[in-house]
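**Student:** Structure in structure tokens, see below.
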Amino acid sequence: MRVLGIETSCDETGVAMVDTSPWEAGEPAGKGLLAQALYSQIAMHVDYGGVVPELASRDHIKRVLPLINQVLNESKSSLKEIDAIAYTQGPGLAGALLVGASVAKGLALALNKPVLGIHHLEGHLLSPLLAERANIQFPFVALLVSGGHTQLMKVTGVGEYELLGETLDDAAGEAFDKTAKLLGLSYPGGPAVSALAVQGNSEAHQFPRPMKHSGDLDFSFAGLKTAVLTQVKKIQSSHDLSESEKADIAKGFVDAIVEVLVSKSMAALKQTGLKTLVVAGGVGANQQLRASLEAACVKQSYAVHYPPLHLCTDNGAMIAFAGAMRLKKNPQLASKDWGFDVRPRWPLDQLV
Ligand code: KG4
Ligand code: ZN
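The sequence shown begins at 560 in this note's numbering and counts up by one.
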């Protein structure tokens, strides 16, 4: 089965074609990723310090068809060879989601092929299975850390997700982005703060580890951001932040956030009795988080898996792949209903 995936939930237009045969033959699913294309709008939004929804929708309209053509060419697929089309139905920006939904439905109608709306976070959640050498078995605990969400989920199978804990305020990626802004770094903040932190000194600042000992699996990052703000203001009251002061703050921030994410992930594994952790979402690209999780998991004999770096942030491959997995599990899901809606707000544990 060849599935075309279309992702337009935020500021990245992603398109990909997956072939399910390697995965059906018991090989890593990543081998079936025939082609993928991505256009990032970051440069367009950078002057605004964040994503401008209307600009995002308009840009998706411009990019999506050329990217589909590119993926068809690179995967050497004709339109007729597409067996199904998957698109991101939510959560995300309403106007941006509508672009992918309209294109997917229109193409499916023209080709008389089935079409399937996918939950964006389910795409992230299953993306580690796309690693070239991955051999991940259900059940596992998933740490979902993106710009909009921070959640620990128990994943028993495709579509079987139990929320174990989540952030009560800011998402981890949002905390990175806000810290970047406070330090005068450019959007998106995650990569910028991470790069700067590498040069910083861990001893310079001890920021709080919010809710580390709360006894549950929830998170809170708003207080950490306030602690960073307080420190920045204190320094700025006497002089402008130097590059090394910025690096020290970035390092203190990353240390704190990583420590909490690692500690709660280990607690989730202990609580569920599961032995496998899967990390997904943009913050999963952070190298310090990866190294710390790796070290903690080795100690406890847990396995930890990540998506390949280029599939950590938004992309079409994860949507194509989630669509393929859903259709394999339940072929009835393939709809030839050409009406559609998008779900800008959509809790993952409400997915059936
Ligand atoms: O999953 P994603 O691409 O989009 C959402 O669904 O939100 O995640 C984007 C988030 C942004 O907040 C970005 O700053 C963060 O992931 N991010 C990172 C890194 N790369 C991206 N955070 C920390 N370290 C990184 N290397
Ligand atoms: Zn995402």
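Even for Gly, the Cβ is constructed at its ideal location relative to N, Cα and C. Since the structure is predicted, the reported quantities are computational estimates derived from the model, not experimental observations.
1. Are there 16 or more other CB atoms within 10 angstroms of the CB of A669, so buried, or fewer, so exposed?
2. So the candidates are S860, T831, I620, K664; which of them puts its Cα closest to the Cα of D570?
3. Assuming L833 and P698 are in contact, meaning their beta carbons sit under 8 Å apart, how far apart are those beta carbons, in whole angstroms?
4. Are the beta-carbon atoms of A876 and L626 separated by less than 7 Å?
5. Can you name the start and end residues of the alpha helix (DSSP H) that K635 belongs to?
6. Quick one: give me the first and last residue of the alpha helix (DSSP H) that H679 is part of.
7. In terms of residues, what are the limits of the alpha helix (DSSP H) holding K740?
8. Find out if the Cβ-Cβ distance for the pair I565, A663 is shorter than 7 Å.
9. State whether the stretch 787-794 contacts the stretch 837-844, with contact taken as three or more CB pairs (one from each stretch) at a distance under 8 Å.
10. Can you round the beta-carbon distance between G707 and A730 to whole angstroms, since I take them to be within the 8 Å contact cut?
11. Residue ranges of each alpha helix (DSSP H) run of no fewer than 4 residues wholly in the stretch 566-644, ordered along the chain?
12. Output yes or no for whether 7 Å exceeds the beta carbon distance between A815 and V752.
13. Would you please state the rounded distance, in angstroms, between the beta carbons of P679 and T647? I believe it to be under 8 Å.
14. Please check the pair L836 and Y861, which I expect to be a contact at CB under 8 Å, by giving their CB distance rounded to whole angstroms.
15. Who pairs with F834 in a beta bridge, going by DSSP?
**Tutor:** Considering the structure as presented:
1. exposed
2. I620
3. 6 Å
4. no
5. No alpha helix (DSSP H) contains K635, which DSSP labels as neither H nor E.
6. 679-685
7. 731-741
8. yes
9. no
10. 5 Å
11. 580-583, 601-604, 612-633
12. no
13. Correcting the residue identity first, residue 679 is His in this sequence and not Pro. Contact flag correct, Cβ pair sits at about 5 Å.
14. 6 Å
15. In the sequence as displayed, the identity of residue 834 is Lys instead of Phe. Beta-bridge pairing links K834 to no other residue.
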